[in-house]
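Visitor: If you count the sequence shown from 1, position 173 lands on 173 in the numbering used here, and the numbers rise without skipping. Beta carbons are placed, not taken as given, at the ideal position from N, Cα and C, and that holds for glycine. Before I ask anything, here is the structure I am working with.
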Amino acid sequence: MNAKNKKSSFNKTTCSLCQFTDNSTRLYTKTKLSLHQRQLHPNNRVIPHIQQLLLDSISDTQVRSFWSSLLVRIEKKLSYHRSKSGVRQLTCEPFSEELFVKIFSNEESFTYIPYLKKYKCVFTGEAGYNRLGYLFDCKDWGEKNHVSGTKAYVFMENEERKKDVTFIWSDFVVTRIRDGKKPLILHSPKLVVSFTISAGYFVQSQEDDTNANIFKKCEECIMSDNSNNGFERMILCLIHRGVSLIK
Numbered sequence: 001m002n003a004k005n006k007k008s009s010f011n012k013t014t015c016s017l018c019q020f021t022d023n024s025t026r027l028y029t030k031t032k033l034s035l036h037q038r039q040l041h042p043n044n045r046v047i048p049h050i051q052q053l054l055l056d057s058i059s060d061t062q063v064r065s066f067w068s069s070l071l072v073r074i075e076k077k078l079s080y081h082r083s084k085s086g087v088r089q090l091t092c093e094p095f096s097e098e099l100f101v102k103i104f105s106n107e108e109s110f111t112y113i114p115y116l117k118k119y120k121c122v123f124t125g126e127a128g129y130n131r132l133g134y135l136f137d138c139k140d141w142g143e144k145n146h147v148s149g150t151k152a153y154v155f156m157e158n159e160e161r162k163k164d165v166t167f168i169w170s171d172f173v174v175t176r177i178r179d180g181k182k183p184l185i186l187h188s189p190k191l192v193v194s195f196t197i198s199a200g201y202f203v204q205s206q207e208d209d210t211n212a213n214i215f216k217k218c219e220e221c222i223m224s225d226n227s228n229n230g231f232e233r234m235i236l237c238l239i240h241r242g243v244s245l246i247k
């Protein structure tokens, strides 16, 4: 092999997925590798470099701690002000690659993207909300209610559209050159959670909704009365409309 070909081979690598499944040793450039894996390994769930024994060493307590901590952080992001609505992100850094695989590898949307060294898991719409409720062990995990009747919530689905809650793990790598020493490779593995929050008013029950309409009609009735007996008129109006004043 001449020097030119030798240098060229150093800039190429094998596909870890092909090598794992059928022992293929074909070499690809970085660009060709990404194209190859997008075409031949879409939605890949194979993780060649992580052994099951390592995943088994992660305790259920660690997994439960993750979900509890995340629930607290989401709760803090929920705001009753409409101006605070929109896409929000939470970053956990550093975050173990093995822990991410342990938590999400059994989910339907789990994907490992080797050429990016990235993992992704997406929960969509009402089904995704319910699944996260199971994982959080809290079915109303994405809601926060105020006594005023305002609700802040993680928006995932209505009649017109669906939204995702996305979990992405990646490893940011930095190489530092040092005089007289080998380069220092620095890793910063992190998890980014993305979701959409919204806020609005809600009706607690059908009875409350009915009473609210009655009070509105009574208010209109009182406003049309030019006498000074507004309060007495309101009481009589409510009784006439069948509203109980004693709880």
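(1) Give the range of the beta strand (DSSP E) segment to which K102 is assigned.
(2) Would you list the residues sitting across from W67 in a DSSP beta bridge?
(3) Are at least three pairs of beta-carbons, each pair with one atom in the region 152-166 and one in the region 74-87, less than 8 Å apart?
(4) At a cut-off of 8 Å, would you count H81 as near the ligand PLP, judging by its Cβ distance to the nearest heavy atom?
(5) Let me know the secondary structure DSSP gives L55 once reduced to three states.
(6) Given a cut-off of 9 Å on the beta-carbon distance, is the pair Y255 and S68 in contact?
(7) Hey, would you say S85 sits closer than 9 Å to A199, going by beta carbons?
(8) Give every residue of the same chain whose Cβ lies closer than 8 Å to the Cβ of F104, excluding the five residues on either side of it in the sequence, and list them in chain order.
(9) Alpha helix (DSSP H) containing L132: first to last residue?
(10) Could you give the distance in angstroms between the alpha-carbon of N11 and the alpha-carbon of S188?
(11) Counting Cβ pairs closer than 8 Å, one from the region 84-101 and one from the region 124-131, do we hit at least three?
(12) Short of 8 Å in beta carbon distance, which residues of its chain neighbour Q206, apart from the five on each side in sequence? Order them along the chain.
(13) To the nearest whole angstrom, what separates the beta carbons of L53 and E98, a pair I think is in contact under 8 Å?
(14) When you compare only the Cα positions, how much space is there between S194 and E75?
(15) Put E107 into one of helix, strand or coil per three-state DSSP.
(16) Which of helix, strand or coil does DSSP assign to F215?
Guide: So, to answer that:
(1) Where K102 is concerned, there is no enclosing beta strand (DSSP E), although the alpha helix (DSSP H) it sits in stretches over 97-104.
(2) Partner(s): none; W67 has no beta bridge.
(3) yes
(4) The model depicted lacks the ligand PLP and carries no ligand whatsoever.
(5) helix
(6) Lying before the first or after the last residue shown, residue 255 is absent from the chain, which here runs from 1 to 247.
(7) yes
(8) F110, Y119, C121, F167
(9) 125-136
(10) 24 Å
(11) no
(12) Because Q206 sits at a pLDDT of 47, beneath the cut-off of 50, its placement in the model cannot be relied upon, and the following sentence gives the value as read from the coordinates. So no residue of the chain qualifies.
(13) That pair is no contact at about 11 Å.
(14) 14 Å
(15) coil
(16) Confidence at F215 is low in this model, with a pLDDT of 45, below 50, so its placement is unreliable and the value that follows should be read with caution. Here F215 sits in helix by DSSP.
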